[in-house]
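Below: the structure, in structure tokens.
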Amino acid sequence: SAVISQKPSRDICQRGTSLTIQCQVDSQVTMMFWYRQQPGQSLTLIATANQGSEATYESGFVIDKFPISRPNLTFSTLTVSNMSPEDSSIYLCSVAGTGKRSSYEQYFGPGTRLTVT
Amino acid sequence: AQKVTQAQTEISVVEKEDVTLDCVYETRDTTYYLFWYKQPPSGELVFLIRRNSFDEQNEISGRYSWNFQKSTSSFNFTITASQVVDSAVYFCALSEAVTTDSWGKLQFGAGTQVVVTP
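Chains S and G, in that order, give the protein sequences. Each residue of the first sequence is one higher than the one before, starting from 10 at the first, in my numbering. Each residue of the second sequence is one higher than the one before, starting from 59 at the first, in my numbering.
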């Protein structure tokens, strides 16, 4: 399986500021995704990070609020912009399509625990 | 639209008891993938299993077993002889047919909290 790291692991931010979360994979992967897990809730897909093009956002998520970059096949960033306390969540990066053959297993990074005050 | 239902919010058992987690899904696709993940208190999401819609064989891995029944759209998960380390939230998830736009996107259930006491 791929080894996925995220930075930062946690942060406490003031409302109105922005935070950029990094996701690094130890091998090239086909698909990268960003999920949000609000306190005590399940995971919700924010967007699919597309290499070299604009991310594909799910309903309820917009690029102005959650800009995403994916400059290559091993790295992606998610920015949470103009934060409010409602953005307090765990943000998780996940990958699929690892190795030389397509794989439908999907692995998750350790998550970034964000608290907005 | 796809949907995953985990009706059990929390299950509490005493160590060495068996525990079964229910997962019911809805999808219009004939090809899809089902997953189980474990999220211990530390927060990381641990991949447990993936099952293809065209493979209804049940699977056993150590103390874990999975029962996939397409006729009832269910993919249940049993932990045999539970241990305290099994305490976690368990999520069932569904990924629909592979297309350019949908490959790998997971729809998660609400999760079931398993509490195993000594």
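Every residue, glycine too, gets a C-beta built ideally from N, C-alpha and C.
Check                                                                                                                                                                        : Outcome
Strictly by DSSP, which residues pair up with S123 (chain G)?                                                                                                                : G:I118, G:T136
Listed in chain order, which residues of the segment 61-87 of chain S have Cβ atoms closer than 9 Å to some Cβ of chain G?                                                   : T65, E67
Taking three-plus beta-carbon pairs below 8 Å as touching, is the segment 80-98 of chain G in contact with the segment 142-156 of chain G?                                   : yes
By the DSSP assignment, the beta strand (DSSP E) with V82 (chain G) in it spans what residues?                                                                               : 82-84
When burial is assigned at 16 or more other CB atoms within 10 Å of the CB, is T57 (chain S) buried or exposed?                                                              : buried
Between the segment 83-111 of chain G and chain S, which residues of the former have a C-beta closer than 9 Å to a C-beta of the latter?                                     : Y91, F93, Y95, Q97, S100, G101, E102, L103, V104, F105, R108, N110
List the residues of chain G whose Cβ lies closer than 8 Å to the Cβ of R122 (chain S), in chain order.                                                                      : G101
Taking 7 Å as the cut-off, is the beta-carbon of S27 (chain S) closer than that to any non-hydrogen atom of the ligand SAH?                                                  : With respect to the ligand SAH, the structure shown offers nothing to examine, as it has no ligands at all.
Measuring only between beta-carbons, confirm whether E68 (chain G) sits less than 8 Å from chain S.                                                                          : no
In three-state terms, what does DSSP make of D144 (chain G)?                                                                                                                 : helix
Taking C-alpha atoms, which residue in S:S18, S:T29, S:P94, S:N81 lies nearest to F75 (chain S)?                                                                             : S:T29
Spatial neighbours of K16 (chain S) within its chain, please: C-beta separation below 6 Å, excluding the five flanking residues on both sides.                               : Q31
To the nearest whole angstrom, what separates the beta carbons of W94 (chain G) and F126 (chain G), a pair I think is in contact under 8 Å?                                  : So it is not a contact: roughly 11 Å between Cβ atoms.
At a CB-CB cut-off below 7 Å, which residues of chain S make contact with K61 (chain G)?                                                                                     : The contacting residues do not exist; K61 (chain G) stays about 12 Å from chain S at best.
Let me make sure I understand the geometry here. Which of S:W43, S:G25, S:S27 has the alpha-carbon closest to that of I13 (chain S)?                                         : S:W43
Looking at the structure shown, is R110 (chain S) part of a helix, part of a strand, or coil, going by DSSP?                                                                 : Because the pLDDT of R110 (chain S) is 48, which lies under 50, any placement of that residue in the model is unreliable, and the number read from its coordinates should be weighed accordingly. In the structure shown, R110 (chain S) sits in coil (DSSP, three-state: anything other than H, G, I, E or B).
Closer than 8 Å by beta-carbon distance: list the chain G residues that pair up with P119 (chain S), in chain order.                                                         : G101, E102
So A168 (chain G) contacts chain S; which residues on that side make the cut at Cβ distance below 7 Å?                                                                       : S51
With a threshold of 7 Å on Cβ separation, who are the neighbours of Q60 (chain S) within its own chain once the five nearest residues in sequence on each side are excluded? : R79, N81, L82
Whose C-beta lies closer than 7 Å to the C-beta of Q37 (chain S) among residues of the same chain, with five residues either side of it excluded?                            : L82, T83
How would you write the range of the beta strand (DSSP E) that L92 (chain G) sits in, first residue to last?                                                                 : 91-97
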